[in-house]
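Anchor point for the sequence shown: position 303 equals 1628 in our numbering, and the numbering is continuous, going up by one each time. Data first, discussion second: the structure below is written as C-alpha cells.
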Amino acid sequence: SAAPPRHRASDRPGPGSRAVEHLVGERTRPHGALASGGGGDDAARPLVLLFKPRESRHVEFTGDLTLDRLTHFSRVLSLPLLSTYDFETRQKYQELKVPLGMLWLDGENEAFEDNQLAKTVLRRLALRFSGHLVFVMLNSTRDGILMRPMGLDPRRVPTFGIAATDELESEKFGFDMQTQRPEERRAFWADQDRAFDRLESFCASFLDGTLEASHESAELPPTYRWRGPGTIHEVVWKTFRESVYRTEHHVLLELYSPFRPQHRTYITVLDLVAEALKDVTDLKVARMDTANNYVLPEFGLTDKEKASTFYFLPAAPERHRRPRRFGAGRTGKAEALPEKLLRFVRREMGGQADWDVSALVAWANREAQKRIKRLRAVEKDYEKKMQDEWMQKEMEEFERYKKLGKFDNMNLD
C-alpha cells in the first residue's frame, strides 16, 4: 500500500508551538508569505511547520494544503508523541476525534522485555506518522476490553491496533501478528526492523483507506481443520469469509447463542444433520456462535441472543453469496428439527440435489429419538448429581453451625 506523505520531523528545538487558527490563517496569505525551502513546486506553496518545544522537534506539513488536512494535522500534534491511555486523556481524544494507534502492553509485568521492545518500535512509528496518528500505550489487564472489537486476544501481548476515533461505534483495525506462542511474539518484537516495517505498512494501509475493518472474533485452536462432509465446520469471524463465503460448497449455516437452553441437545441436532448428509459432497454444514463473533448485516440477525437461526448459502462466487433464512419460525421440539432442516436443504438445492430426502429423514428421525433421549437422560442424571452435592454441602454447613451453637438462642417452638 502506498504510504502517506512523510511529514519531516526535526530533532532541533523550535521557537514555539503554533495554534491551529494560526496555521489555517497562513493558508490565506500569498505564497511568498512563508519561507520556502526550494524552487519548483516547493516555491509555489508556503512552508508550514508546527513546533513541539517540549519534545525538542518540529514537524513540517506536507500533502494537499487544505483546511481539513491542516486542522487534522494540528489536532494530532496537539497531543504528545507517545502517551499512556487513561480516562482523562480519553476525553481529549474523543473531543478531537483523532485516530489512535494503540499498543497493548503486558499489564502483569511492566518490566517485561517484550514491553520494552514494543515501546521502541512504537516510538519509531510515532515519529514516522507524526501528524497522522496519535499513538498511545494501554494496559492489557485494565484495558483488555477495548481489544475485543478488534478481534485481539488480551492474553497475547504486546499487540497493536488502530481505532478511527475513540468512540464506541468507530471502525477498529486489529493487527494480525500471525503468532500463537509467546516465543513467536518475542521473536516478532525482537526483530525490530521487521516489526517496524510490518506495522508501518499496516498504518499506511489504514491512512489510504485500503485496510479492512476488524470485528469481534473468537479463536480456534491452531491445529483445527474441518474433517469434511459428515462433520460440522466450526467457524469464527476471523475464518468466516474463507470458510463460508469463499468455499466451493453449498453451506447450511447455524448462528447460535451458546447460552441457549438445552444447548447440548441442539449441538447434537446439527451434528446429526451433518452426519445424515455425509454423502452430499458439495454441501458443508457449519456453525458460529453469536456471543463472541461479529455477524454480517446481510444475515439480518437483530437479536444476537436468539437461541438459533439457520441459513442456506448456495455455492457461488463470494460477491454473489446470498443467505437464505430458514423460515420455520419456532422450531418446536428438538427431535423434529433434523427433518425440517433436511427438507429445507433439499428444497434450496433444487435440481442439484440428487439424493433421496425421504430415506435420510427416516434415518434422522430414528437417530434423533435415540440420541436425544440418551442425552437428556445423561443431563438429568448430571442435574440430580449436582442437586445431591448441593444438598450434602448444605447439610454439612448446617451441622457445622449447630456445633458452634449458632442455633442455641433460637426459639424453634
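Don't be surprised by glycine CBs; every beta carbon is placed ideally from N, CA and C. All values derive from a computational prediction rather than experimental measurement.
For residue 1634, the beta-bridge partners assigned by DSSP are 1580. For residue 1485, the closest C-alpha among the options 1472, 1496 and 1492 is that of 1472. For residue 1604, the closest alpha carbon among the candidates 1678, 1482 and 1539 is that of 1678.
Taking all protein chains shown into account, residue 1508 has fewer than 16 neighbouring C-beta atoms within 10 Å of its C-beta and is therefore exposed.
The beta-carbon distance between residue 1659 and residue 1585, rounded to whole angstroms, is 11 Å. This is too long to meet the 8 Å contact definition.
With respect to the 8 Å criterion, residue 1597 and residue 1610 are not classified as neighbours on the basis of their beta carbons. Within a 10 Å sphere around the beta-carbon of residue 1698 sit fewer than 16 other beta-carbons, which makes this residue exposed. Look at the region 1414-1469 and you find these whole runs of alpha helix (DSSP H), each 4 residues long or longer: 1438-1453. For residue 1382, the enclosing beta strand (DSSP E) starts and ends at 1382-1385. The beta carbon of residue 1421 sits closer than 6 Å to those of 1400, all from its chain and outside the five residues before and after it, given in chain order.
The Cβ-Cβ distance between residue 1498 and residue 1460 does not fall below 8 Å. DSSP lists 1384 as the bridge partner or partners of residue 1375. In the structure shown, residue 1593 adopts helical secondary structure according to DSSP, grouped into three states. Distance between residue 1615 and residue 1578, taken at the CA atoms: about 12 Å. Each of 1491, 1695 and 1640 was checked against the Cα of residue 1417, and the nearest Cα belongs to 1491.
Residue 1670: member of the alpha helix (DSSP H) spanning 1662-1674, first to last residue. Under a 10 Å Cβ-count criterion, residue 1718 is classified as exposed, with fewer than 16 other Cβ atoms of the shown protein chains found around its own Cβ. DSSP places residue 1564 in the uninterrupted alpha helix (DSSP H) bounded by 1562-1565. Taking C-alpha positions only, residue 1447 is separated from residue 1550 by approximately 35 Å. Across the structure, residue 1583 and residue 1590 are spaced so that their CA atoms are roughly 12 Å apart.
In this model, residue 1554 and residue 1626 are separated by some 27 Å (Cα to Cα). Residue environment for residue 1613: buried (at least 16 other C-beta atoms within 10 angstroms of its C-beta). The continuous alpha helix (DSSP H) containing residue 1401 extends over residues 1392-1402. Fewer than three beta-carbon pairs drawn from the region 1520-1534 and the region 1569-1577 are found closer than 8 Å, and the two stretches are therefore not classed as touching. Counting of Cβ neighbours within 10 angstroms places residue 1429 among the buried residues, the total reaching 16 or more. Taken in chain order, the unbroken stretches of beta strand (DSSP E) that lie wholly in the region 1499-1568 and span 3 residues or more are 1557-1559. The three-state secondary structure of residue 1684, taken from DSSP, is helix.
Remark: C-beta atoms of residue 1384 and residue 1395 do not approach each other more closely than 8 Å.
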